[in-house]
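Trainee: Right, I'll just put the structure down here and ask away after.
Numbering (the numbering used here), first residue to last: 9 to 92.
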(Lines of atoms letter the chains of each structure in order from A; the text may use other names.)
(Lines give C-alpha, C1' and ligand atoms only; values in the text may rest on other atoms or scores of the structure.)
Protein backbone atom coordinates (compact mmCIF):
# COMPACT_ATOMS: atom_id res chain seq x y z
CA UNK A 9 0.00 0.00 0.00
CA UNK A 10 2.85 2.40 0.83
CA UNK A 11 4.45 1.75 -2.56
CA UNK A 12 1.18 2.61 -4.26
CA UNK A 13 0.93 5.83 -2.25
CA UNK A 14 4.45 6.82 -3.17
CA UNK A 15 3.69 6.20 -6.80
CA UNK A 16 0.39 8.09 -6.70
CA UNK A 17 2.00 11.12 -5.06
CA UNK A 18 -0.54 11.63 -2.24
CA UNK A 19 1.87 13.27 0.20
CA UNK A 20 -0.67 14.11 2.93
CA UNK A 21 -1.80 10.53 3.22
CA UNK A 22 1.79 9.34 3.07
CA UNK A 23 2.81 11.69 5.89
CA UNK A 24 -0.18 10.62 7.99
CA UNK A 25 0.63 6.93 7.49
CA UNK A 26 4.29 7.47 8.34
CA UNK A 27 3.24 9.33 11.49
CA UNK A 28 0.94 6.48 12.49
CA UNK A 29 3.73 3.99 11.83
CA UNK A 30 6.10 5.98 14.08
CA UNK A 31 3.42 6.16 16.76
CA UNK A 32 2.80 2.42 16.58
CA UNK A 33 6.53 1.72 16.60
CA UNK A 34 7.05 3.83 19.73
CA UNK A 35 4.09 2.15 21.45
CA UNK A 36 5.47 -1.27 20.52
CA UNK A 37 8.91 -0.36 21.85
CA UNK A 38 7.31 0.86 25.10
CA UNK A 39 5.39 -2.43 25.45
CA UNK A 40 8.56 -4.45 24.83
CA UNK A 41 10.46 -2.35 27.40
CA UNK A 42 7.64 -2.85 29.93
CA UNK A 43 7.64 -6.60 29.31
CA UNK A 44 11.43 -6.74 29.72
CA UNK A 45 11.18 -4.87 33.03
CA UNK A 46 8.48 -7.22 34.33
CA UNK A 47 10.49 -10.30 33.31
CA UNK A 48 13.62 -8.87 34.93
CA UNK A 49 11.69 -8.12 38.13
CA UNK A 50 10.26 -11.65 38.23
CA UNK A 51 13.72 -13.14 37.68
CA UNK A 52 15.24 -10.91 40.36
CA UNK A 53 12.47 -11.88 42.81
CA UNK A 54 13.08 -15.58 42.15
CA UNK A 55 16.82 -15.18 42.69
CA UNK A 56 16.21 -13.19 45.88
CA UNK A 57 13.95 -15.95 47.22
CA UNK A 58 16.53 -18.61 46.38
CA UNK A 59 19.28 -16.62 48.11
CA UNK A 60 17.09 -16.12 51.18
CA UNK A 61 16.38 -19.87 51.40
CA UNK A 62 20.10 -20.60 51.08
CA UNK A 63 21.01 -18.10 53.82
CA UNK A 64 18.34 -19.43 56.19
CA UNK A 65 19.43 -23.01 55.54
CA UNK A 66 23.09 -22.18 56.10
CA UNK A 67 22.42 -20.36 59.37
CA UNK A 68 20.18 -23.21 60.56
CA UNK A 69 22.90 -25.76 59.89
CA UNK A 70 25.49 -23.54 61.58
CA UNK A 71 23.28 -23.09 64.66
CA UNK A 72 22.69 -26.83 64.92
CA UNK A 73 26.42 -27.55 64.54
CA UNK A 74 27.34 -25.04 67.24
CA UNK A 75 24.63 -26.40 69.51
CA UNK A 76 25.98 -29.93 68.97
CA UNK A 77 29.51 -28.83 69.82
CA UNK A 78 28.36 -27.09 73.00
CA UNK A 79 26.38 -30.18 74.03
CA UNK A 80 29.38 -32.42 73.36
CA UNK A 81 31.63 -30.12 75.37
CA UNK A 82 29.12 -30.10 78.24
CA UNK A 83 28.94 -33.90 78.27
CA UNK A 84 32.75 -34.13 78.18
CA UNK A 85 33.05 -31.73 81.13
CA UNK A 86 30.44 -33.66 83.13
CA UNK A 87 32.26 -36.93 82.47
CA UNK A 88 35.55 -35.41 83.54
CA UNK A 89 34.18 -34.30 86.91
CA UNK A 90 34.77 -36.66 89.80
CA UNK A 91 31.81 -38.84 90.64
CA UNK A 92 30.68 -39.03 94.23
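A virtual CB, placed ideally from N, CA and C, is assigned to each residue, including glycine.
Given this structure, state the Cα-to-Cα distance separating residue 58 from residue 36, to the nearest angstrom.
Mentor: Using only the alpha carbons, I get a separation of about 33 Å.
Trainee: What is the rounded straight-line gap between the Cα of residue 53 and the Cα of residue 27?
Mentor: Cα-Cα distance, rounded: 39 Å.
Trainee: Assign residue 89 to one of three DSSP states: helix, strand, or coil.
Mentor: Of the three classes helix, strand and coil, the one that applies to residue 89 here is coil, per DSSP.
Trainee: Alpha carbon to alpha carbon, what distance is there between residue 61 and residue 67?
Mentor: Taking the straight line joining both Cα atoms gives about 10 Å.
Trainee: Could you tell me the alpha carbon to alpha carbon distance between residue 51 and residue 44, rounded to whole angstroms?
Mentor: Distance between the alpha carbons of residue 51 and residue 44: 10 Å.
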